[in-house]
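A short worksheet on the structure shown next.
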Amino acid sequence: MAEVSLQNVSKSFGDQVALENVTMTVPDGSFVVLLGPTGAGKTTILRMVSGLDKPDSGQILINGEDAASQSPAERNMAMVFQQYSLYPHLSVRQNLAFPLKSPMLRTPEDEIIRKVDAVAETLQISHKLDNKATELSGGEMQRVSIGRALVRKPQIFLMDEPLSSLDAKLRSDLRIELKRIQASLGATMLYVTHDQVEAMTMATHVGVLDHGKLVQFGSPREIYEDPVSIYSASRLGSPKINILPAEIFPGAPNGATSIGLRPEHISIGEGVEVKVGRVEHLGDQTRLHLKIGELDLMTLTDPHTKLTRGDTLSFLPRNPLYFDANGVRIKLGA
Amino acid sequence: MSGFSVTEPSKRQKWFAGLLVITYAVVTLLPLLWIIATGFKSPADSISYPPKVLFEPTLEGYVNLFSTRTRITPSMRETLVEPTTWYEQIARDSGTVIAGPSRYGQRFLNSVIIGFGSTFLSIFFGTLAAYAFSRFKVPIKEDLLFFILSTRMMPPIAVAIPIFLMFRQLGLNDTQLGMILLYTAVNLSLSVWLLKGFIDEIPLEYEEAALIDGYTRFQAFYKVVLPQAATGIASTAIFCLIFAWNEYAFAVLLTSGTAQTAPPFIPTIIGIGGQDWPAVAAGATIFLIPVMIFTILLRKHLLSGITFGAVRK
């Protein structure tokens, strides 16, 4: 297992800046999730660490050593690609055995069989082992490509939205399974996702990327409770954080133009009057769509609420987040 | 109902399509059948007018193709012992005795060595070059590719004289090596361009996955790219082989003895002992077989090769 650290890494593709001065450390045994919309540079970071692409400037250190001269094979990492990753001319079994047969590992035949069977079992694809890789459904393909990473013990696992093409049930099963495997191996994991549930439940650290810049790096709680900007705050939380003009509510600090309200920042009882719009009963929770004049806002309430469309209620913010005109967080008392 | 329908064609349309295909097949296959049939005719039947469609088949053409014979008079024939083999019998019946084997076998072997040798080299170098053009940042790539293509813009025979002089200087005249190199050079532009197209279609992710799985660039090429390019390689190989196999002009110009291929040799058979059309036809028939076998073996790839890229897999 290993620690990976990026030092001032920049990368451009033509005029397109993919990464700008990213400095970040993935500690040994940690599960680091990179969050950000498409084009933020998440995949580029994975490719840099894997050695498939070289940074224009800056360094990538693996266990403290500059990896610039190491080929992808020498870095001993496993990567799950977003798509296209199975070898279409091979069977599922051969796909899973492929990394084990590499000149870097040269695993004995009986050990290959044992490991492939074990990983197939974990990912519930044992019955498909002798199929051609092209004869699988999208979800099965993705499981095989995860399996191809798990079948060996690399220094680091790199995963690029590995669960994105799976159905909800399998996704939550595999989420737990991946986390379990990572914890039991003590493996270092660098993981790219759009899914904030994956980020919250699996990550030990979250890196938030915005147009090639790492804007915040910390534990999921830290990012959730103490975001540095509106952008960071919007990455986590469901329903999403509500961003409203600060002057609606009393008590905004100097310079604050926006107020950020998560459901737990809303204390119903007295204060600003709002109208209830839609009421969504999700079973374990109820989502309330509220209107303050023209402004929309969403929060959670008791699952058995009696509120219906057209009701009015009042609320006040409780320990909300304030942001300035540039979307940067204003910390109270700081 | 719209005018453009993707539903099952009507019975009449099917009939019409079938008729078209059959007509085309008859037009293209008739000369071929004629050649094959002529190979089994006697020399007299082969030039009879009106042409004989039904005839008594004989292997005389094949015996004549593979042998050199001496004409004998009936009185001489009386003095000879009875022939012991079927082919001596056939020769005897047409008033000749077999003096020895002809050069057809050796010329045929030359064709096989030169045809398959140059096809192998064209594919070998073509695949490597196509891979490099497809995957790497090659300086002045576009210009190089255009230059390679431009070698195809004139008929190869236009440079016959310089090539002839060059071969004479290098001692490559009438050598198998010379012909292999020549056909490889001519085919290479075709194979680079065709194969580049095929390799471009193979997503980069497969190789990248192999690189990360612990393989070197060359191993990734060999284990991941090559098997997926098999379709393209097979169809390119067929095109290369057909060219090298059928090539006549350079073969006439540059080979006359040891390295002569079958195409320039076959017509020379006519001159041996009168117009021996059955022997020529027999030579042509046998000459068809290797390419036919090669194409049949690779036909699955050939068909998907022609439609490659048309359908997203």
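Residue numbers (my numbering), protein chains in the order written: chain A, 1172 to 1505; chain B, 261 to 573.
Note that the Cβ used here is the ideal one computed from N, Cα and C, for glycine as well.
Endpoints, the beta strand (DSSP E) within which residue i is located
i: A/Gln-1265; result: Where A/Gln-1265 is concerned, there is no enclosing beta strand (DSSP E), although the alpha helix (DSSP H) it sits in stretches over 1263-1268.
i: A/Arg-1277; result: Segment: none, A/Arg-1277 is in no beta strand (DSSP E) and carries neither H nor E.
i: B/Arg-329; result: 327-331
i: B/Thr-356; result: 356-361
i: A/Leu-1487; result: 1483-1488
i: A/Ala-1249; result: 1248-1251
i: A/Leu-1380; result: 1376-1381
i: B/Tyr-528; result: It should be noted that the sequence gives Thr, not Tyr, for residue 528 of chain B. Segment 522-528 is the alpha helix (DSSP H) holding B/Thr-528; no beta strand (DSSP E) there.
i: B/Ser-306; result: Careful: B/Ser-306 lies outside any beta strand (DSSP E), inside the alpha helix (DSSP H) at 303-306.
i: A/Leu-1361; result: 1359-1364
Neighbour flag for residue i against chain D, beta carbons, 8 Å
i: B/Thr-476; result: No chain D appears in this structure, whose protein chains are A and B.
Interface flag, residue i vs chain A, CB-CB below 8 Å
i: B/Ala-494; result: no
i: B/Val-484; result: yes
i: B/Pro-487; result: yes
i: B/Glu-402; result: no
i: B/Glu-461; result: no
i: B/Ala-469; result: yes
i: B/Met-261; result: Low per-residue confidence applies at B/Met-261: pLDDT is 44, beneath 50, and the placement is therefore not dependable, though the value from the model is reported in the following sentence. No, no contact with chain A.
i: B/Gln-273; result: no
i: B/Gln-616; result: With chain B covering only 261 through 573, there is no way to say anything about residue 616 of chain B.
i: B/Gln-535; result: no
i: B/Gln-429; result: no
Continuous alpha helix (DSSP H) stretch holding residue i: start and end
i: B/Gln-366; result: 364-395
i: A/Lys-1340; result: 1339-1356
i: A/Asn-1179; result: Careful: A/Asn-1179 lies outside any alpha helix (DSSP H), inside the beta strand (DSSP E) at 1175-1184.
i: B/Asp-353; result: 346-353
i: B/Leu-429; result: In the sequence on display, residue 429 of chain B carries Gln and not Leu. Where B/Gln-429 is concerned, the enclosing alpha helix (DSSP H) stretches over 420-430.
i: B/Leu-514; result: 509-514
i: B/Asn-506; result: 490-506
Which of helix, strand or coil DSSP assigns to residue i
i: A/Asp-1467; result: strand
i: A/Met-1497; result: The sequence shown places Asn at residue 1497 of chain A, rather than the Met named in the question. Coil.
i: A/Glu-1332; result: coil
i: A/Leu-1459; result: strand
i: A/Gly-1426; result: coil
i: A/Gln-1387; result: strand
i: B/Leu-292; result: helix
i: A/Lys-1446; result: strand
i: B/Lys-456; result: helix
i: B/Gln-535; result: coil
i: B/Ser-451; result: helix
i: A/Ser-1240; result: coil
i: B/Met-236; result: Here chain B has residues from 261 to 573 only, and residue 236 of chain B is not among them.
i: A/His-1452; result: strand
i: A/Ser-1403; result: helix
i: A/Gln-1254; result: coil
i: A/Asn-1413; result: strand
i: B/Gly-474; result: coil
i: A/Phe-1202; result: strand
i: A/Leu-1432; result: strand
i: B/Ala-542; result: helix
i: A/Asn-1234; result: coil
i: A/Lys-1477; result: coil
Interface residues of chain A facing residue i [CB-CB closer than 7 Å]
i: B/Glu-507; result: Within 7 Å Cβ-Cβ: nothing; B/Glu-507 doesn't reach chain A, min ~34 Å.
i: B/Ala-544; result: In chain order: nothing, as chain A lies at least about 39 Å away.
Contact with chain B by residue i, beta-carbon distance below 8 Å
i: A/Ala-1244; result: yes
i: A/Phe-1269; result: yes
i: A/Tyr-1258; result: yes
i: A/Ser-1221; result: yes
Chain B residues whose Cβ lies nearer than 9 Å to that of residue i
i: A/Met-1248; result: Ile-472
Chain-ordered chain A contacts of residue i [CB-CB under 8 Å]
i: B/Glu-465; result: Phe-1252, Gln-1254, Tyr-1255 and Ser-1256
i: B/Gln-349; result: Within 8 Å Cβ-Cβ: nothing; B/Gln-349 doesn't reach chain A, min ~55 Å.
i: B/Gln-520; result: Going along chain A, no residue has its Cβ under 8 Å from B/Gln-520, so there is no contact; the nearest lies around 41 Å.
Neighbouring residues, chain A, relative to residue i (Cβ below 9 Å)
i: B/Gln-436; result: Residues of chain A passing the Cβ test: none, with the nearest at roughly 35 Å.
Just by C-beta distance, which residues in the segment 1268-1289 of chain A are closer than 7 Å to chain B? Phe-1269, Pro-1270, Ser-1273, Pro-1274, Met-1275 and Leu-1276
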